[in-house]
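*Asks:*
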Amino acid sequence: MILDIGFETMPREDLEAIILRRLKATINRVYANVPFYRKKFEENHIMPKDIKSLEDLKQIPFTTKADLRDNYPFGMFAVPMDNVVRIHASSGTTGQPTAVGYTARDINTWAELMARALAAGGATRGDIIHNAYGYGLFTGGLGVHYGAEKLGASVIPVSGGNTKRQIIIMKDFGPTILAATPSYTLHLAEVAEEMGVSFHDLKFKFGIFGAEPWSENMRQEIEHKLNITAVDIYGLSEIMGPGVAIECHEAKKGLHIFEDHFIPEIIDPETEEVLPYGETGELVFTTITKEAFPVIRYRTRDITSLNPEPCICGRTHIRMNRVTGRTDDMLIIRGVNVFPSQIESVLMEMDEVEPYYQLVVDREGNLDTLTVLVEVGERLFSDEVKVLQNMERKISNNIKEYLGVSAKVKLVEPKVIARSQGKAVRVIDNRKI
Amino acid sequence: MRAEQISVFLENKAGRLAEVAAILTEADVNIRALALADTSDFGVLRLIVNDNQKAIQALKNRGFTVSKTDVVAVEVEDRPGGLNRILDILHQAGINVEYMYAFVQHSGKNAVMIFKIDAIDEAIKLLQKNNVTVIEGSKVYTM
Chain A
1 MILDIGFETM PREDLEAIIL RRLKATINRV YANVPFYRKK FEENHIMPKD IKSLEDLKQI
61 PFTTKADLRD NYPFGMFAVP MDNVVRIHAS SGTTGQPTAV GYTARDINTW AELMARALAA
121 GGATRGDIIH NAYGYGLFTG GLGVHYGAEK LGASVIPVSG GNTKRQIIIM KDFGPTILAA
181 TPSYTLHLAE VAEEMGVSFH DLKFKFGIFG AEPWSENMRQ EIEHKLNITA VDIYGLSEIM
241 GPGVAIECHE AKKGLHIFED HFIPEIIDPE TEEVLPYGET GELVFTTITK EAFPVIRYRT
301 RDITSLNPEP CICGRTHIRM NRVTGRTDDM LIIRGVNVFP SQIESVLMEM DEVEPYYQLV
361 VDREGNLDTL TVLVEVGERL FSDEVKVLQN MERKISNNIK EYLGVSAKVK LVEPKVIARS
421 QGKAVRVIDN RKI
Chain B
1 MRAEQISVFL ENKAGRLAEV AAILTEADVN IRALALADTS DFGVLRLIVN DNQKAIQALK
61 NRGFTVSKTD VVAVEVEDRP GGLNRILDIL HQAGINVEYM YAFVQHSGKN AVMIFKIDAI
121 DEAIKLLQKN NVTVIEGSKV YTM
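Residue numbers (this note's numbering), protein chains in the order written: chain A, 1 to 433; chain B, 1 to 143.
1) Compare the C-beta of A/Glu352 against all C-beta atoms of chain B and say whether one is closer than 7 Å.
2) How about A/Ala211 and A/Gly335: are their beta carbons less than 7 Å apart?
3) Under a three-way DSSP split, which group does B/Ser138 fall into?
4) Report all residues from its chain with a CB closer than 6 Å to the CB of A/Glu247; omit the five preceding and five following residues, and keep chain order.
5) Within the 7 Å Cβ cut-off, does A/Leu347 reach chain B?
6) Taking Cβ to Cβ, would you say A/Phe111 is nearer than 7 Å to A/Asp127?
7) For A/Gly92, does the count of other Cβ atoms within 10 angstroms reach 16, so buried, or fall short, so exposed?
8) Return the CA-CA distance between A/Asp14 and A/Glu273, expressed in angstroms with no decimal places.
9) Who are the near neighbours of A/Gly422 in its chain, counting only those whose CB is closer than 6 Å to its CB and skipping five residues on each side?
10) Do the region 18-28 of chain B and the region 380-387 of chain A make contact, defined as three or more Cβ pairs closer than 8 Å?
11) Short check: CB of A/Arg29 to CB of A/Ala78, under 7 Å?
12) Beta-carbon of A/Leu411 versus every beta-carbon of chain C: anything under 7 Å?
13) Identify, in the order they occur along the chain, each residue of the same chain with its Cβ nearer than 7 Å to the Cβ of B/Ser107, setting aside the five sequence neighbours on each side.
14) Among B/Val66, B/Asn84, B/Asn30, B/Thr39, whose alpha-carbon lies nearest the alpha-carbon of A/Asn390?
15) Quick one: does B/Ser67 have its CB under 7 Å from some CB of chain A?
16) Please name the residue in A/Met348, A/Phe293, A/Gln220, A/Asn33 whose C-alpha comes closest to that of A/Leu380.
17) What's the gap between the Cα of B/Asp121 and the Cα of A/Glu392?
18) For A/Asp268, which of helix, strand or coil comes out of DSSP?
19) What residues from chain A crowd round B/Phe64, counting only those whose CB sits closer than 8 Å?
20) For A/Glu279, count the other beta carbons within 10 Å of its own beta carbon; 16 or more makes it buried, fewer makes it exposed. Which is it?
21) Run through chain B and tell me which residues come within less than 7 Å of A/Glu364, C-beta to C-beta.
22) Restricting to Cα atoms, I'd like to know which of A/Ile239, A/Met240, A/Leu118 is closest to A/Ala180.
23) Quick one: list the residues of chain A neighbouring B/Val44, beta-carbon separation under 9 Å, in chain order.
24) Given that a residue counts as buried once 16 or more other Cβ atoms are within 10 Å of its Cβ, and exposed if not, what is A/Met10?
25) Under 7 Å, Cβ to Cβ, is there at least one residue of chain B near A/Val360?
26) For B/Ala55, does the three-state DSSP call read helix, strand or coil?
27) Roughly how many angstroms separate the alpha carbons of B/Asn61 and B/Ala27, rounded to a whole number?
28) Nearest chain A C-beta to B/Thr142 closer than 7 Å, yes or no?
29) Starting from B/Ser151, follow its DSSP beta bridges and name the residues at the other end.
30) Have a look at the DSSP bridge pairing and note the partners of A/Lys408.
31) Note down the Cα distance separating A/Glu354 from A/Glu375, rounded to an integer number of angstroms.
32) Just to confirm before moving on: does the CB-CB distance between A/Arg297 and A/Thr286 stay below 7 Å?
33) Grab me the residues of A/Thr369's own chain with a C-beta within less than 6 Å of its C-beta, minus the 5 sequence neighbours each way, in chain order.
34) Report the CB separation of B/Leu45 from B/Val8 in whole angstroms; it is logged as a contact under 8 Å.
35) 7 Å is my cut-off, CB to CB: does A/Glu378 come that close to chain B?
36) By DSSP's criteria, A/Leu113 is part of a beta bridge. Which residues make up the other side?
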């Protein structure tokens, strides 16, 4: 179902006129209210009035994650805190976190876009939505929640974890829409099977899956095991949260980006040149309706391509293809973003630990697992096994506490971790996605 | 009256123990006693050898993490109740034994056991007071 026929199926010409008008207003606002942007524009001799067409956006420099960190926590906000009603943050309190803010109108916009997304994925106001995205600083849980309420559906705010209880709730409440990360969904399927519950007896019709990369094969597996239609959803807190782009269940072939709110570009991550439609590169977003936290040409580090072809669903908004990777070393473990540098800073805070470590990511069954290999040097070593085991636990607890991700810590002999050209190989990702 | 034990960190996988043995052979070091404590992932090999310096250097050169630990070598009567008596003495005094293992060689008629104890000096005094023979390090290495 198309929730907002007016905007979602708007002829391109009209849509582009609105995009340009909103872009100009955003540029004016960030120039006036965010010192970071004013400085950047001035350094590049750009004035807001220079932006006369969508083409002119290319003149403006990019914004990066590093810029957000430099202005942490609230330096990039374009409104006074009086007008901010919500704050979300990226995972991690050590390393370099980022915080984002929302005005009441931003929250409303987000809810509307998320409602559009749910509708595109098959939901209607008569549905019961089982929302297994995590609630908290992470945008997934609350994003889907507000969208579900805006749509008028019934939402079960079950959040992540406590899997057996989730299965019981599914049996008892009969939800018809599942919102979760794809890997957790497959875990749910496994646990259901162990409990003797068949998804074929449950009432699910559609599932909306995202927050981590997944493949066509996983889609088929989920659709088969859960007896549902599965669609891909995309979002990131820096832009808004979930609901930046969504696949329509009619085509299931690329995610429609809500262009009346976000301008996408694909760039070559090396040369930073804008690439034509169809070519694969780094996805860049400019928000054009956000009040509290507008971003101009934000480099997402996600690798994909754009498809401007008309879609059978009737939406005129451009589609992005599945995200196939990252241009940086960020890992997504069970929906949580993890940078190796964050693990490193947790380790470095512990005096006993030497700077030799390696992250191994696997997919066991259907759940991602993170193993941190830590070399045992003289400072960490003890002749008593329990001291070493306590150290493993302590490292694991610290990682959980700071990054919100469960990791198994494994002590290894020195020099086990391969060093290439004097620099350690930090990440081994064995997942076949 | 303390003796020195060397401890080696090993990953719990095939061939690690053999490698340590090979390195010590190459260095002409004789193993006098040993014990391995392990988990599913790693192990700690504890060794009493005839030449600590040589053993440590050889193992470190090959990339092993090695440490020295003070332990006590005690003569234990080779008859029922021999070990019990010693443990009793320590237990009565509230002294905790972290771990222990047996020595290959006898000392006269008695067996020899290695004890890792936190309150090591107190334990040595106490044992001697109770007429238990504590063997000096230098003697242990060449027994």
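Heads up, the beta-carbon is just placed ideally off N, CA and C, and yes, glycines get one too.
Model, not experiment: these values are computed from the prediction.
*Replies:* Well, looking at it:
1) For A/Glu352, the answer is no, since every Cβ of chain B falls outside 7 Å of its Cβ.
2) Here A/Ala211 is near A/Gly335, since their CB atoms are less than 7 Å apart.
3) B/Ser138 carries a helical assignment under DSSP once its states are collapsed to helix, strand and coil.
4) The residues are Val231, Asp232, Leu255.
5) So, not an interface residue.
6) In the sequence as presented, Phe is not what sits at residue 111 of chain A; that position holds Ala. In this structure, A/Ala111 sits away from A/Asp127, with a CB-CB distance that is not shorter than 7 Å.
7) Confidence at A/Gly92 is low in this model, with a pLDDT of 45, below 50, so the placement of that residue is unreliable and no value is reported for it.
8) CA-to-CA, the gap between A/Asp14 and A/Glu273 works out to about 27 Å.
9) Because A/Gly422 sits at a pLDDT of 46, beneath the cut-off of 50, its placement in the model cannot be relied upon, and the point is left open.
10) Taking a cut-off of 8 Å on C-beta distances, the region 18-28 of chain B does not touch the region 380-387 of chain A, as fewer than three cross pairs fall below it.
11) Their beta carbons are under 7 Å apart, which means A/Arg29 touches A/Ala78 by this criterion.
12) This model lacks chain C altogether; the protein chains it does include are A and B.
13) Correct list, in chain order: Glu75, Ile135, Met143.
14) Measuring from the Cα of A/Asn390, the nearest candidate turns out to be B/Thr39.
15) Closer than 7 Å: yes.
16) With distances taken between Cα atoms, A/Leu380 lies closest to A/Met348.
17) Looking at the two C-alpha atoms, the distance is approximately 31 Å.
18) Judged by DSSP in its simplified three-state form, A/Asp268 adopts coil rather than helix or strand.
19) Near B/Phe64 (Cβ distances below 8 Å), the residues of chain A are Glu413, Pro414.
20) Per the 10 Å Cβ criterion, exposed.
21) Near A/Glu364 there are no residues of chain B at all, since even the closest Cβ is about 16 Å away, more than 7 Å.
22) With distances taken between Cα atoms, A/Ala180 lies closest to A/Leu118.
23) What B/Val44 touches in chain A: Phe381, Ser382, Asp383, Glu384, Val385, Leu388.
24) Result: buried.
25) It does not; no Cβ of chain B falls within 7 Å.
26) Three-state result, B/Ala55: helix.
27) Between B/Asn61 and B/Ala27, the C-alpha separation is close to 11 Å.
28) Any Cβ of chain A closer than 7 Å to the Cβ of B/Thr142 would place that residue at the interface, and such an atom is absent.
29) Since the displayed chain B opens at 1 and closes at 143, residue 151 of chain B lies outside it and no answer follows.
30) Paired residues: A/Thr371.
31) Taking the Cα positions, A/Glu354 is about 7 Å away from A/Glu375.
32) Contact: yes.
33) Cβ neighbours of A/Thr369 beyond the five flanking positions: Asp362.
34) Correct: roughly 4 Å between the Cβ atoms.
35) Under the Cβ distance rule, A/Glu378 counts among the residues neighbouring chain B, one pair being separated by less than 7 Å.
36) Partner(s): none; A/Leu113 has no beta bridge.
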